[in-house]
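Engineer:
Chains as they are written, first to last, in the numbering used here: chain A, 48 to 349; chain B, 223 to 324; chain C, -19 to 78; chain D, 307 to 457.
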């Protein structure tokens, strides 16, 4: 009898904990599957789906310039995944990728000892870690980005934190990104507050804002696969895989936080601060949406 | 006496005419700027402020002494932007979920 | 400064890609600020023979990229890449063909 | 006198030319005005002494129809002409149209790739000077837009 009771209790506890554990990402998983499904369907056959998804693009243009069908992994190339002229141009540019120069700088920084003799390797013995960022730190009760992790490493070793967005921090992240190539994004939602952070990021992504009253969603989900003049709008699926990115318009490497801040600004909003809570939550949500996709950063964009 | 009355009428007409040509929100430069600042601060804290609002207030503050009329116009424009930003945020709060792929 | 190269030989043809760290600043030429600073001569020699002889201007993109090929090379040969800019700065690097 | 004009003047002269290398007489030192010219025609005339060009398919210019970003437009130039002497890229819309020139020597395969800056939509020209000093031209229009969302 006692044995049975223990057994039942144990089973209840185990199943309970499974249920409890799974509950934090139930909604996120549902969102992610619908998100992926939307893109897979949209880019399966743009000619056939022209009326539904691309009403303002002629079948002629689709046939000439669109690449399809796209597989899940193809989305890692952003706007280059579906738009042939962009893909061809960047394939040419990447014959010798411009990011190679800042990446080399990053590799030098990586091995250059701090004042205390340690290096970045002291903090990151395994460099292939980018697939886990951003993560929700249960102890700190907040989202931690790769940039913050780099600066944390510096501060722990008595160095000044680096300025976010570009320059040395982007170079260091590029080194980590290169080492993480091919790893699948694996963002987790470990507790209720993490789920809240995810929800906040999700809202920031879908809710219209700024004097243009548009959302990230309108450009990068609903209008992905369309053009605004010469801009081939990138699908939000796979939007974080190739970071940090060398942008020709920046003339150098920039981080995901920089890119996201710019994106929010383009809605006609005040530019949010990099590594601010909302912008990190947006990164958390957006990266979660690409869970399972292989990393391919750093890369080159316009 | 007649003359005084006439002067007062003219003065009143002048004043009211002045009030009529000013934007309705405020005609006092300091209060216009203060009001814009308050509204902007609220929009900013809710992270919904528009891109140019802050710089409009900054410009208004700069012109407050030299060109109060323009400063008021700028402050009122900033206040309008902040108001609209807050109002649209409230509106979109009700509808954004509909855009999530299901 | 820095010259990066990918240089490979197939049969007797060497294909060379170079990426040179340089601002290639247009400056006042384009109506902008600052002094122009750009590479105006980039050459490559193979066994003392000039196999690539380019005269760029500030209309070549930042950190110039060039690709070219030449005949009569074999694996292990050295090439010498050399550039000079409009301010007189120079750089020279030897690269082994793979 | 251009370096290549020494060619064929006997072994000694050739050796001298080779020793002097590219840094002595070149399109840059002999025709510096070409690089400062403000129009394409002026640039071509200053570089080659004439702006008469033969429009044929001997020169090939590979460029995108629409540049993703005018600050780095990938370009490949080539020619089917044997023993061509010089190749030059001339960009109509730039304040100084002559963007780059290559001097060719024996053994060089006349095909080069680089990335160019384009200030605005317009024609890009490839001029190839053949062994007889005649100019061959090919033209391609490239649309340049102010590109790139996101800061």
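Built from N, CA and C at the ideal position, the CB exists for glycine as well. The model shown is predicted, which means the values in this text are computed figures rather than measured ones.
Which residue wins for smallest C-alpha separation from residue 28 (chain C), given the options C:68, C:57, C:70 and C:67?
Structural biologist: C:57
Engineer: How would you write the range of the beta strand (DSSP E) that residue 435 (chain D) sits in, first residue to last?
Structural biologist: 428 to 435
Engineer: Considering only the beta carbon of each residue, do residue 162 (chain A) and residue 205 (chain A) sit closer than 8 angstroms?
Structural biologist: Note that the C-beta distance between residue 162 (chain A) and residue 205 (chain A) is below 8 angstroms.
Engineer: The alpha helix (DSSP H) spanning residue 167 (chain A) covers which residue range?
Structural biologist: 167 to 170
Engineer: Less than 8 angstroms between CB atoms is the rule here; does residue 277 (chain A) satisfy it with respect to chain E?
Structural biologist: Looking at the structure shown, chain E is missing, and the protein chains on hand are A, B, C and D.
Engineer: Just to confirm, is the Cβ distance from residue 396 (chain D) to residue 349 (chain D) under 8 angstroms?
Structural biologist: yes
Engineer: Taking the continuous beta strand (DSSP E) assigned at residue 50 (chain C), which residues delimit it?
Structural biologist: Per DSSP, residue 50 (chain C) is one residue of the beta strand (DSSP E) stretching across 45 to 51.
Engineer: Quick check for students: name the residue ranges of the beta strand (DSSP E) that lie wholly in the stretch 197 to 283 of chain A, counting only runs of 3 or more.
Structural biologist: none
Engineer: Against chain D, does residue 136 (chain A) count as a neighbour if the rule is that its beta carbon must be under 8 angstroms from one of theirs?
Structural biologist: yes
Engineer: Which one of A:158, A:210, A:144 and A:220 has the shortest CA to CA distance from residue 175 (chain A)?
Structural biologist: A:220
Engineer: When the distance is taken between beta carbons, is residue 258 (chain B) closer than 8 angstroms to residue 295 (chain B)?
Structural biologist: no
Engineer: Does the beta carbon of residue 276 (chain B) come closer than 8 angstroms to any beta carbon on chain A?
Structural biologist: Chain A, which has a Cβ nearer than 8 angstroms to the Cβ of residue 276 (chain B), makes this yes.
Engineer: Go to residue 41 (chain C), then tell me how far its beta strand (DSSP E) extends in each direction, as first and last residue.
Structural biologist: Run containing residue 41 (chain C): none; DSSP gives neither H nor E here.
Engineer: CA-CA distance, residue 290 (chain B) and residue 264 (chain A)?
Structural biologist: 42 angstroms
Engineer: Nearest to residue 235 (chain A) by alpha carbon, out of A:79, A:335, A:106 and A:125?
Structural biologist: A:335
Engineer: What is the rounded straight-line gap between the Cα of residue 218 (chain A) and the Cα of residue 153 (chain A)?
Structural biologist: 4 angstroms
Engineer: Residue 121 (chain C) touches chain D at which residues, Cβ-Cβ below 9 angstroms?
Structural biologist: Coverage of chain C is limited to positions -19 through 78, which leaves residue 121 (chain C) absent and any answer about it impossible.
Engineer: Listed from N- to C-terminal order along the chain, which residues in the stretch 187 to 214 of chain A have their beta-carbon within a distance smaller than 7 angstroms of any beta-carbon of chain D?
Structural biologist: none
Engineer: For a contact meaning CB atoms closer than 9 angstroms, what does residue 142 (chain A) contact in chain C?
Structural biologist: -14, -3, 45 and 47
Engineer: Alpha helix (DSSP H) containing residue 290 (chain B): first to last residue?
Structural biologist: 290 to 317
Engineer: What number of angstroms, rounded off, separates the C-alpha of residue 121 (chain A) from the C-alpha of residue 352 (chain D)?
Structural biologist: 49 angstroms
Engineer: Identify the contact partners of residue 375 (chain D) in chain A, using a Cβ-Cβ distance below 7 angstroms as the criterion.
Structural biologist: 295, 296 and 349
Engineer: Count the other CB atoms within 10 Å of the CB of residue 246 (chain B); is the residue buried (16 or more) or exposed (fewer)?
Structural biologist: Here the model assigns residue 246 (chain B) a pLDDT of 43, short of 50, so the residue's position is not dependable, and the following value carries that caveat. By the neighbour-count rule (16 or more Cβ atoms within 10 Å), residue 246 (chain B) is not buried but exposed.
Engineer: For residue 154 (chain A), name the three-state secondary structure that DSSP assigns.
Structural biologist: helix
Engineer: Suppose you measure from the CA of residue 23 (chain C) to the CA of residue 223 (chain A); what does that come to, to the nearest Å?
Structural biologist: 35 angstroms
Engineer: DSSP three-state call for residue 65 (chain C): helix, strand or coil?
Structural biologist: strand
Engineer: Leaving out five residues before and five after residue 292 (chain B) in sequence, what residues of the same chain have Cβ atoms less than 6 angstroms from its Cβ?
Structural biologist: 285
Engineer: How would you label residue 103 (chain A), buried or exposed, when you count the other beta carbons within 10 angstroms and need 16 or more for buried?
Structural biologist: Exposed, since its Cβ has fewer than 16 Cβ neighbours within 10 Å.
Engineer: Between residue 13 (chain C) and chain D, is there a C-beta pair that is closer than 8 angstroms?
Structural biologist: no
Engineer: Below 7 angstroms CB to CB, which residues in the same chain sit around residue 74 (chain C) once its five sequence neighbours on both sides are set aside?
Structural biologist: These residues qualify, in order along the chain: 58 and 60.
Engineer: Could you compute how far the alpha carbon of residue 417 (chain D) sits from the alpha carbon of residue 187 (chain A)?
Structural biologist: Each residue's Cα considered, the two are about 58 angstroms apart.
Engineer: Rounded to whole angstroms, what's the CA-CA distance from residue 76 (chain C) to residue 280 (chain A)? Just pull it up for me.
Structural biologist: 42 angstroms
Engineer: In this structure, what does DSSP give as the bridge partners for residue 348 (chain A)?
Structural biologist: A:294
Engineer: Beta-carbon within less than 6 angstroms of residue 437 (chain D)'s beta-carbon, same chain only, minus the 5 sequence neighbours each way: which residues are those?
Structural biologist: 389
Engineer: Going straight from the alpha carbon of residue 20 (chain A) to that of residue 181 (chain A), what length do you get?
Structural biologist: The structure shown does not extend to residue 20 (chain A), since chain A is modelled only from 48 to 349, so the question has no answer here.
Engineer: Based on the DSSP output, what are the partners of residue 35 (chain C) in its beta bridges?
Structural biologist: D:407
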